[in-house]
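Below: one structure, written as structure tokens.
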Amino acid sequence: MSAKRKDQLATAGLYVIVGIIITVLAGLLGFVFVKGVPQLSWQFITSPPQIFKEGGGVGPQLFNSFYLLVLTLIISVPIAIGAGIYLAEYAKDHWIIRCIRVLIEVLSSLPSIVVGLFGFLFFVLYMGWGFSILSGAFALSVFNLPLLVRVIEQSIHNVPKSQREAGWALGFSKWETITTIILPAALPGIVTGIILASGRVFGEAAALIYTAGMSTPIIDFTNWNPLSPTSPLHPFRPAETMAVHIWKINGEGIMPDAAAISDGAAALLIISILFFNFTSRFIGNLLFKKMGAN
Amino acid sequence: MAKMIKETEHPLYRKSNKMRMERIGKWLTFLSVALTATITAAILFLVFSKGVSTFIVNDGSVKEFFTGTTWNPAEVNSLGQPIIGALPFLVGSLAVTGISALIAGPLAIGAAIFMSEIAPNTGKRIMQPVIELLVGIPSVVYGFIGLTVVVPFLRGLFPGSGFGIAAGTIVLSVMILPTVTSLALDAIQAVPRSLREASLALGSTRWQMICKVVLKTAKPGLLMAVIFGMARAFGEALAVQMVIGNASVIPHSLFEPASTVTSILTMGMGYTVMGQAENNALWSLALVLLLMSLFFTIAVRMIGKGKSS
Numbered sequence: 002m003s004a005k006r007k008d009q010l011a012t013a014g015l016y017v018i019v020g021i022i023i024t025v026l027a028g029l030l031g032f033v034f035v036k037g038v039p040q041l042s043w044q045f046i047t048s049p050p051q052i053f054k055e056g057g058g059v060g061p062q063l064f065n066s067f068y069l070l071v072l073t074l075i076i077s078v079p080i081a082i083g084a085g086i087y088l089a090e091y092a093k094d095h096w097i098i099r100c101i102r103v104l105i106e107v108l109s110s111l112p113s114i115v116v117g118l119f120g121f122l123f124f125v126l127y128m129g130w131g132f133s134i135l136s137g138a139f140a141l142s143v144f145n146l147p148l149l150v151r152v153i154e155q156s157i158h159n160v161p162k163s164q165r166e167a168g169w170a171l172g173f174s175k176w177e178t179i180t181t182i183i184l185p186a187a188l189p190g191i192v193t194g195i196i197l198a199s200g201r202v203f204g205e206a207a208a209l210i211y212t213a214g215m216s217t218p219i220i221d222f223t224n225w226n227p228l229s230p231t232s233p234l235h236p237f238r239p240a241e242t243m244a245v246h247i248w249k250i251n252g253e254g255i256m257p258d259a260a261a262i263s264d265g266a267a268a269l270l271i272i273s274i275l276f277f278n279f280t281s282r283f284i285g286n287l288l289f290k291k292m293g294a295n
Numbered sequence: 004m005a006k007m008i009k010e011t012e013h014p015l016y017r018k019s020n021k022m023r024m025e026r027i028g029k030w031l032t033f034l035s036v037a038l039t040a041t042i043t044a045a046i047l048f049l050v051f052s053k054g055v056s057t058f059i060v061n062d063g064s065v066k067e068f069f070t071g072t073t074w075n076p077a078e079v080n081s082l083g084q085p086i087i088g089a090l091p092f093l094v095g096s097l098a099v100t101g102i103s104a105l106i107a108g109p110l111a112i113g114a115a116i117f118m119s120e121i122a123p124n125t126g127k128r129i130m131q132p133v134i135e136l137l138v139g140i141p142s143v144v145y146g147f148i149g150l151t152v153v154v155p156f157l158r159g160l161f162p163g164s165g166f167g168i169a170a171g172t173i174v175l176s177v178m179i180l181p182t183v184t185s186l187a188l189d190a191i192q193a194v195p196r197s198l199r200e201a202s203l204a205l206g207s208t209r210w211q212m213i214c215k216v217v218l219k220t221a222k223p224g225l226l227m228a229v230i231f232g233m234a235r236a237f238g239e240a241l242a243v244q245m246v247i248g249n250a251s252v253i254p255h256s257l258f259e260p261a262s263t264v265t266s267i268l269t270m271g272m273g274y275t276v277m278g279q280a281e282n283n284a285l286w287s288l289a290l291v292l293l294l295m296s297l298f299f300t301i302a303v304r305m306i307g308k309g310k311s312s
């Protein structure tokens, strides 16, 4: 076989591979949307689930997902920004720092179920928080931290050295240079990274089943006092998220329309992830334009 | 009368506010780094100490754990040891991970070659955003689709219920495909353009250039991409648990119900009581999971080091 013939064959083969992949992936997205979108309605998004009857919704689950996401970001973003700054600006090539970097890398590659089990042991049992939003938020923060640290360190690293030198030349201290020059310059990258990480947190389930729990008590959406046990904001109530809900009703759901509800919830989950992706692009571009010199 | 000011008390010798802020800032940021590292160390320590208690406190046998085929940690055998044969789960986990890497690896590398060498425009404009989106799809959604599409499909084609290693493998392959593709694409795009040009200038066809230059140069990166995918597949819990059937036996075919380390952990942890032999045995499985994940991380690091030197 001549080299040319081989080349043509290989190219054809690659087209076939890509064809297969596109078919599978498009089929996957198409399946979720075609089956799921018809299920979506205002009633579905807002009403609580039914255990024995048809017609339940995912209102509390949707709220829990967002509430957990917000708490997770409140906990993990400041720590990640601090760690990112230190690793990018202050860290020297010292054996302790090298150890720390390895540990962070190990954390980022831990299976999420292991993080969940750690959360179960530490937050649920040892701290005595029980299956609660707070335990879930801390477990998700542990899950989220290494990725955020890496993204933030990278964005800070990408700020040109000349900007730092300009700051020092103006008599700024290193810390002032970081807070007034480098962080604003790195902001587009940081925000994009945070939003993308949010998508990952939003769909996570394995880390949550043994921390935030698999049930939601009856909550009253008119009661916003965080100390009241029926309030949606109460930090010590169990909170099943959308992703956990999909998993749970497929395993042990006894409502007759479990499949339809999972269809709807899966579509809702993917739409939310799409939303996170687009916002991250949009806000990233916007900030880049605003922060850029031109 | 003028008070004598000691030289070192002169205002110029005092630490400025700036200096103080600098110190505080440096310490605060260091604390966040230290906290992140401490959490990792705590996880490693906790899982390790709980995981070995099966063998120390409950007198479990390490040999039986890795070779036994009966999992019934609540009971003890004639020697008074808990029955903790975890081989079915280990086999299940290794099988789904290995086979899905064999399926997803070549497909992903093929797609990456296509996106970077054959149709860079379509690749960059259409395929890359879609792949990036798919990386973010939650694993329960993959599991749910596996449950509603793959399992009934396999049930129709082969004898049995459709649940099993085959279903788990298909779900995992599709799940890790986007991740591996996007990492493989990075590796291939990192090959310098000059190498490609040199190869083409020597008269090679595009395929010869891809095979002999691009793939060879990108080999460590591609290997890292596949190992990364395997690590994800090995650690995936819910998507696999939904489709594998959860029977704690070594299956005779790919289409019989089986179990993985993660699926048994997901199923069992809620039904056991802390500190009991059954619970400790589950923590030993978690330890296996942790060690495998460390193994994958080290493998990726070693390859990365070999690449840079």
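Residue numbers (the working numbering), protein chains in the order written: chain A, 2 to 295; chain B, 4 to 312.
The C-beta atom is built at its ideal place from N, Cα and C for all residues, glycine as well.
Quantities reported herein were computed from a predicted structural model and do not represent experimental measurements.
query	result
Backbone CA spacing between Asn295 of chain A and Asn286 of chain A [nearest angstrom]	Per-residue confidence for Asn295 of chain A stands at a pLDDT of 46, beneath the threshold of 50, marking its modelled position as unreliable; no derived number is given.
Asn78 of chain B (DSSP reduced to helix, strand or coil)	Residue identity check: residue 78 of chain B is Glu in the sequence provided, not Asn. Strand.
Under 8 Å by beta carbon: chain B residues contacting Phe123 of chain A	Ala45 and Leu49
Cβ-based neighbour list, Ala107 of chain B, same chain, cut-off 7 Å, excluding 5 preceding and 5 following	Ser176, Ile179, Leu180, Val183 and Gly232
8 Å contact criterion, which Ile253 of chain B and Val94 of chain B should meet: CB distance rounded	5 Å
Nearest-angstrom Cβ-Cβ length linking Gly83 of chain A and Thr32 of chain B, presumed shorter than 8 Å	4 Å
Contacting residues, own chain, Cβ-Cβ under 6 Å from Thr57 of chain B (five flanking each side not counted)	Gly63, Asn283, Ala284 and Ser287
Span separating the alpha-carbon of Glu253 of chain A from that of Ile157 of chain A	46 Å
Neighbourhood of Ala255 of chain B by C-beta distance below 6 Å, restricted to the same chain and skipping five residues each side	A small correction: the amino acid at residue 255 of chain B is His; Ala does not occupy that position in the sequence shown. The answer is none, since no qualifying residue turns up.
Same chain, Cβ closer than 6 Å to Met130 of chain B, five either side skipped, listed in chain order	Met118
Simplified DSSP assignment, three categories, for Pro79 of chain A	helix
Nearest candidate by alpha-carbon position, reference Ser113 of chain A, set A:Tyr87, A:Ala81, A:Leu146 and A:Ser133	A:Leu146
As assigned by DSSP and simplified to three states, the class of Ala261 of chain B	strand
For Gly248 of chain B, the three-state DSSP class (helix, strand or coil)	strand
Span of the beta strand (DSSP E) around Pro85 of chain B	Pro85 to Ile87
Residues near Phe277 of chain A by beta carbon distance below 6 Å, same chain, minus five either side	Ile196, Ser199 and Gly200
Local Cβ density within 10 Å of Met4 of chain B, reported as buried at 16 or more and exposed below that	For Met4 of chain B, the predicted structure reports a pLDDT of 49, less than 50, and the residue's modelled location is therefore unreliable. The matter cannot be settled from this model.
Amino acids of chain A, ordered along the chain, whose beta-carbon sits closer than 9 Å to that of Leu186 of chain B	Ordered by position in chain A, no residue passes the 9 Å Cβ test against Leu186 of chain B, which lies about 13 Å from the chain.
Contact with chain A by Met277 of chain B, beta-carbon distance below 8 Å	yes
Short Cβ contact (8 Å threshold) for Pro233 of chain A with Phe67 of chain A	no
Separation of Gly309 of chain B from Pro123 of chain B, as counted between CA atoms	29 Å
Simplified DSSP assignment, three categories, for Asp221 of chain A	coil
Counted within 10 angstroms of its Cβ, other Cβ atoms place Tyr39 of chain A as buried (16 or more) or exposed	It is worth fixing the name first, because residue 39 of chain A is Pro in this sequence and not Tyr. By the neighbour-count rule (16 or more Cβ atoms within 10 Å), Pro39 of chain A is not buried but exposed.
Buried versus exposed call for Lys215 of chain B [16 or more other C-beta atoms within 10 Å across all chains shown]	exposed
Expected contact under 8 Å - CB spacing of Met245 of chain B and Phe156 of chain B to nearest Å	Not really, about 15 Å apart at Cβ, beyond 8 Å.
For Pro85 of chain B, the nearest candidate out of B:Lys18, B:Val154, B:Lys66 and B:Pro91 (CA to CA)	B:Lys66
Touch test, the stretch 217-232 of chain A against the stretch 111-131 of chain A, Cβ-Cβ under 8 Å, three pairs minimum	no
Sequence-distant residues of the same chain with beta carbon closer than 8 Å to Ser296 of chain B, five excluded per side	Ala234, Phe237 and Gly238
4 or more residues per run - each alpha helix (DSSP H) lying fully within the stretch 142-197 of chain B	142-148, 154-160 and 168-192
Interface partners of Gly1 of chain B on chain A, CB under 9 Å	Shown here, chain B extends from 4 to 312; a query on residue 1 of chain B therefore has no answer.
Any 3 or more C-beta pairs closer than 8 Å across the stretch 240-251 of chain A and the stretch 100-110 of chain A	no
DSSP-derived helix/strand/coil call for Arg165 of chain A	helix
Beta-carbon spacing of Trp248 of chain A, Val143 of chain B below 8 Å	yes
Which of helix, strand or coil DSSP assigns to Tyr274 of chain B	helix
Reduced DSSP category for His255 of chain B - H, G, I as helix; E, B as strand; rest coil	coil
Proximity of Ile262 of chain A and Gly57 of chain A at Cβ, strictly below 8 Å	yes
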